[in-house]
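**Q** Under the working numbering, the first residue of the sequence shown is numbered 78, with each subsequent residue one higher.
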Amino acid sequence: MDQPLLERVAGWPRTHPFGVDVVLACLVALVTVPVPGISGFNDSNPATGLLGLALCAPLAWRRRHPVPAAAVVALVCLVQLVVLPAELLLADVAAPMMVYALTVHGPRWAGRAGLGAGLLGALLAGATFFDAPTLTFAVTTTTLLGVLVVVAWALGLLRRRRVDNAQTRGPTAADEPLLERAAAWLRQHPFGVDAVLAGAAVLFLLTASSGISYSGSTFVAVLLSLALLVPLAWRRRRPVRAAAVVVGVSLLELVLVPDYFLPANIAAPVMIYALAAYAPRWAGRAGLVAGLVGAALASAVYFGWGSWVNFLFAAGMISVLVVACWALGDLRRARLQQVAGLEERARLLELEREQEMRLAASTERARIAREMHDVVAHSLSVVIAQADGGRYAGQVDPAAATGALEAISATGRQALTDMRKLLGVLREGDGQEFAPQPDVAAIDQLVADVRASGLAVELVVEGTPRPLPAGAQLAAYRIVQESLTNVLKHAGPAGRAWVRLHWRPDALELAVLDDGRGASAAIVESDGQGQGLLGMRERAALHGGLLTAGPRTGGGFGVHASLPYGPSR
């Protein structure tokens with residue numbers, strides 16, 4: 078039920094990018110900038126808050142004016158290195174955000190310049206930590222900051238490629254195949270990505286705490302931080318179990334170390350997002366409720382109940398973060414479901430296409446089988462009739478035997494030609510031209526060939542010929558051919574047949590009659606594979622016509638067909 082609302086919320090950022098950036102800048106400032114007067118924040122140095130605000134404010138113009146905004150952030154970072162050496166602010170997250178914005182929304186040279194400036198800033202920031210208790214801390218800090226800058230730049234390139242493809246569908250930059258492979262690897266190995274991110278967070282935590290003189294509560298705080306970060310590796314594979322671990326550790330944190338606000342608590346909103354995106358819906362809603370309850374408990378523990386202003390401000394700020402993470406996760410779920418639906422639809426369409434291809438192939442095989450039956454059965458019937466007649470005639474009239482052999486030869490050659498044309502459609506298309514299929518006009522020659530085989534056939538044409546579709550003309554020819562073949566098979570050469578073509582105003586009527594021994598319909602239809610009468614009926618029905626067949630009163634057999642002049646179905 079809430080999907081339409083979420084869709085409208087998702088559509089608003091696309092139509093109001095500047096408003097989104099302003100809201101984002103405010104949220105980053107609320108989360109990262111120390112607020113004087115609220116206990117729990119280190120506000121002993123006012124420069125911390127001022128620099129944090131100066132870093133967050135340009136984020137509001139990261140898309141509208143990315144280059145000037147990035148210049149302001151770079152200048153503030155330089156001031157920070159001078160005023161607050163060897164100190165990192167949470168608001169420093171604005172730097173990689175601006176590298177991303179420059180890469181996506183700025184000129185290409187600005188994206189490359191942002192990458193270089195970010196890496197230089199990472200080196201300068203790491204250099205200020207060289208007087209730290211261990212050199213490892215300085216090296217690790219420099220490395221992690223550099224990796225963060227490179228990741229932001231790479232994500233920006235991927236986003237820019239998608240935007241460019243959507244607008245122009247043109248070629249991409251030369252380095253994009255590598256980024257495409259990297260993006261594909263990230264999509265195919267979600268657990269590996271989550272494990273690497275969780276491991277990097279744990280490494281940073283261990284390095285940052287390497288020079289600390291541990292007391293009891295400090296050691297517990299480090300262990301709890303590790304317990305909060307490690308489950309992030311399973312946020313997509315086992316989101317419910319990982320979230321349960323994070324909830325349990327968070328409750329222990331409130332009880333065991335109420336004086337510490339652990340940076341590792343970022344695992345809680347991350348798990349809320351994971352529950353909303355990858356877990357069942359009930360788990361996503363439960364994560365939202367647990368996050369809101371946790372926001373109230375954390376605000377009460379860290380900021381106390383003495384000042385309602387402090388409590389409400391902290392609870393509201395954390396609740397906004399919780400709701401935002403849940404909403405983003407729910408949108409991610411909707412996106413994944415949409416993609417899955419499209420993939421399933423594509424699979425079904427492909428399956429349907431394959432079924433249609435198999436059906437078309439089956440139909441074509443049936444058509445070819447009918448054509449082969451018509452050609453072979455007719456030709457063999459003529460050959461058999463001529464051979465039998467020639468055998469008997471040869472005893473009294475050698476010339477008649479020679480004529481029968483010539484008819485057999487001509488019929489065989491014609492059958493061979495027809496078979497070559499028919500089987501030619503089975504070959505790969507090579508541009509070869511084949512002779513046209515027989516039509517109504519060829520019935521004259523067909524009757525003459527059958528008459529030459531010894532069967533007395535009379536052709537009667539009534540009415541004025543009218544235009545008939547090519548498929549219907551072929552059907553008419555095959556119906557007459559099959560009917561005469563049946564006369565030869567069942568009535569014998571001594572029989573007599575009549576072929577009547579009646580051109581009516583609306584349809585062509587065919588009739589093939591014989592006065593032979595009266596073969597029944599069962600005999601006609603039982604020709605091995607049932608291709609005879611069944612094939613004729615299918616041909617007529619295919620072109621909107623009708624065919625009836627049956628024994629005639631007094632002997633013989635009759636086939637009647639009607640083929641309309643309209644287009645075939």
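Yeah, the Cβ is synthetic: ideal placement off N, Cα and C, and Gly gets one too. Note that this is a predicted model, so its numbers are computed, not measured.
Within the continuous alpha helix (DSSP H) that includes D169, where are the two ends?
**A** Numbered from its first residue, the sequence shown carries residue 169 at position 92. First-last for D169: undefined, no H or E at that position.
**Q** Answer yes or no: do V326 and A354 have a C-beta to C-beta separation smaller than 8 Å?
**A** Taking the first residue of the sequence shown as 1, we reach residue 326 at position 249. Taking the first residue of the sequence shown as 1, we reach residue 354 at position 277. No, they are not a contact pair.
**Q** For S439, does the count of other Cβ atoms within 10 angstroms reach 16, so buried, or fall short, so exposed?
**A** The residue labelled residue 439 in the question sits at position 362 within the sequence shown. Burial call: exposed.
**Q** Which residues mark the beginning and the end of the alpha helix (DSSP H) in which T654 is found?
**A** Outside the displayed span of the chain (78 to 646) sits residue 654, for which this structure offers no information.
**Q** Kindly indicate the opening and closing residues of the alpha helix (DSSP H) around V517.
**A** Within the sequence shown, the letter at position 440 stands for residue 517. No alpha helix (DSSP H) holds V517; DSSP gives it neither H nor E.
**Q** From L200 to L179, what does the alpha carbon distance come to, in whole angstroms?
**A** Residue numbering aside, residue 200 sits at position 123 when the sequence shown is read from its first letter. Residue numbering aside, residue 179 sits at position 102 when the sequence shown is read from its first letter. So the two alpha carbons sit approximately 20 Å from each other.
**Q** So R573 and D592 are in contact, right, with Cβ under 8 Å, and what is the actual spacing, rounded?
**A** Here residue 573 refers to the residue found at position 496 of the sequence shown. Here residue 592 refers to the residue found at position 515 of the sequence shown. With a Cβ gap of about 5 Å, R573 and D592 count as contacting.
**Q** Please report the distance separating the alpha-carbon of E433 from that of L619.
**A** Here residue 433 refers to the residue found at position 356 of the sequence shown. Here residue 619 refers to the residue found at position 542 of the sequence shown. So the alpha carbons of these two residues sit roughly 18 Å apart.
**Q** Where do the ends of the beta strand (DSSP E) carrying L624 lie?
**A** For this step, residue 624 is matched to residue 547 along the sequence shown. That run of the beta strand (DSSP E) goes L623 to P628.
**Q** For T625 and G643, I'd like the C-alpha separation in whole angstroms.
**A** By one-based count along the sequence shown, residue 625 stands at place 548. By one-based count along the sequence shown, residue 643 stands at place 566. Between T625 and G643, the C-alpha separation is close to 20 Å.
**Q** Does the stretch 406–422 come close enough to the stretch 369–381 that 3 or more CB-CB pairs lie under 8 Å?
**A** No, the stretch 369–381 does not touch the stretch 406–422.
**Q** Report the three-state DSSP secondary structure of E421 (helix, strand or coil).
**A** Your numbering for residue 421 matches position 344 in the sequence shown. Reduced to three states, the DSSP call for E421 is helix.
**Q** Near A552, which residues of its chain fall below 6 Å by C-beta distance, leaving aside the five closest residues on each side in sequence?
**A** As a working mapping, residue 552 is identified with position 475 in the sequence shown. Correct list, in chain order: R616 and H620.
**Q** So which of A320, A298, E483 and A519 has the shortest CA-CA distance to D336?
**A** Translated into positions along the sequence shown, residue 336 becomes position 259. When only C-alpha atoms are compared, the closest one is A298.
**Q** Please report how far the alpha carbon of Y350 lies from the alpha carbon of H142, in whole angstroms.
**A** Locating residue 350 in the sequence shown gives position 273, where the first residue counts as 1. Locating residue 142 in the sequence shown gives position 65, where the first residue counts as 1. If I take the Cα positions, the gap works out to 30 Å.
**Q** What does a CB cutoff of less than 6 Å around P173 pick up in its chain, not counting 5 residues either side in sequence?
**A** In the sequence shown, the residue the question calls residue 173 occupies position 96. Within the same chain, P173 has close Cβ partners L225, V226 and A229.
**Q** Between the alpha carbons of W715 and S530, how many angstroms are there, rounded?
**A** The chain is shown from 78 up to 646; residue 715 falls before or after that span and cannot be answered.
**Q** Let me know if P135 comes out buried or exposed under the rule of 16 or more other beta-carbons within 10 Å of its beta-carbon.
**A** By 1-based counting over the sequence shown, the position of residue 135 is 58. The residue is buried, with at least 16 neighbouring Cβ atoms inside 10 Å.
**Q** According to DSSP, A437 sits in a beta bridge with which residue or residues?
**A** Position 360 of the sequence shown, counted from the first residue, corresponds to residue 437. A437 pairs with nothing; no bridge assigned.
**Q** I'd like the span of the beta strand (DSSP E) that includes S639, first residue to last.
**A** Numbered from its first residue, the sequence shown carries residue 639 at position 562. Counting along the chain, the beta strand (DSSP E) containing S639 begins and ends at F634 to P641.
**Q** Which residue comes first and which comes last in the alpha helix (DSSP H) that contains V322?
**A** Within the sequence shown, residue 322 is the residue found at index 245, counting from 1. Counting along the chain, the alpha helix (DSSP H) containing V322 begins and ends at P316 to L333.
**Q** Assuming L161 is part of the beta strand (DSSP E), what are its boundary residues?
**A** Counting from 1 along the sequence shown, the entry for residue 161 is found at position 84. Taken as a continuous stretch (DSSP letters only), L161 belongs to no beta strand (DSSP E), as it is neither H nor E.
**Q** Check each candidate in V322, I520, A411 and A392 and name the one with the smallest Cα separation from V538.
**A** As a first step, residue 538 is located in the sequence shown; it is residue number 461 there, counting from the start. Among V322, I520, A411 and A392, the Cα nearest to that of V538 belongs to I520.
**Q** Excluding the 5 residues preceding and the 5 following V557 in the sequence, name in chain order all residues of the same chain whose CB lies nearer than 7 Å to its CB.
**A** Within the sequence shown, the letter at position 480 stands for residue 557. Once the five neighbours on either side are set aside, the close Cβ partners of V557 are I520, L523, V576, L587 and V589.
**Q** Counting pairs of beta carbons, one from the stretch 152–165 and one from the stretch 189–204, are three or more of them closer than 8 Å?
**A** The stretch 152–165, when compared against the stretch 189–204, does touch it at the 8 Å Cβ threshold.
**Q** Look at A147 and M175 and say whether their C-beta atoms are less than 8 Å apart.
**A** In the sequence shown, counting from the first residue as 1, residue 147 sits at position 70. In the sequence shown, counting from the first residue as 1, residue 175 sits at position 98. The answer is yes: Cβ separation under 8 Å.
**Q** Determine the direct distance from the alpha carbon of A584 to that of G506, and round the result to whole angstroms.
**A** In the sequence shown, counting from the first residue as 1, residue 506 sits at position 429. In the sequence shown, counting from the first residue as 1, residue 584 sits at position 507. Reliability of the predicted coordinates at G506 is poor, the pLDDT of 46 falling under 50, and no value is obtained from them.
**Q** Counting beta carbon pairs with one atom in the stretch 397–409 and one in the stretch 361–371, are three or more of them shorter than 8 Å?
**A** Enough Cβ pairs lie closer than 8 Å, so yes.
**Q** If you reduce the DSSP assignment to three classes, tell me which class D583 lands in.
**A** Position 506 of the sequence shown, counted from the start, is the residue given in the question as residue 583. Here D583 sits in coil by DSSP.
**Q** Of all the options R238, M348 and R528, which has the alpha carbon lying nearest to the alpha carbon of V324?
**A** Residue numbering aside, residue 324 sits at position 247 when the sequence shown is read from its first letter. For the residues R238, M348 and R528, the minimum Cα distance to V324 belongs to M348.
**Q** Hey, would you say A321 sits closer than 8 Å to R312, going by beta carbons?
**A** By 1-based counting over the sequence shown, the position of residue 321 is 244. By 1-based counting over the sequence shown, the position of residue 312 is 235. Not in contact: A321 and R312 (Cβ atoms no closer than 8 Å).
**Q** How big is the Cα-Cα spacing for G183 and G191?
**A** As a position in the sequence shown, residue 183 is number 106, starting the count at 1. As a position in the sequence shown, residue 191 is number 114, starting the count at 1. Their backbone Cα atoms lie some 10 Å apart in a straight line.
**Q** Can you list, in chain order, the residues of its chain whose CB lies under 7 Å from that of V99, leaving out five sequence neighbours each side?
**A** Along the sequence shown, read from residue 1 onward, the residue named residue 99 stands at position 22. Here the set comprises A137.
**Q** What residue range is occupied by the uninterrupted alpha helix (DSSP H) comprising L200?
**A** Within the sequence shown, the letter at position 123 stands for residue 200. Segment R185 to A204, the alpha helix (DSSP H) holding L200.
**Q** Look at the alpha carbon of T249 and the alpha carbon of G233, and state the distance between them as a whole number of angstroms.
**A** The residue labelled residue 249 in the question sits at position 172 within the sequence shown. The residue labelled residue 233 in the question sits at position 156 within the sequence shown. Any reading at T249 must be qualified, since the residue scores a pLDDT of 46, below 50, and its modelled position is unreliable; no value is offered.
**Q** Which residues does DSSP list as the beta-bridge partners of E535?
**A** Position 458 of the sequence shown holds residue 535. E535 pairs with W575.
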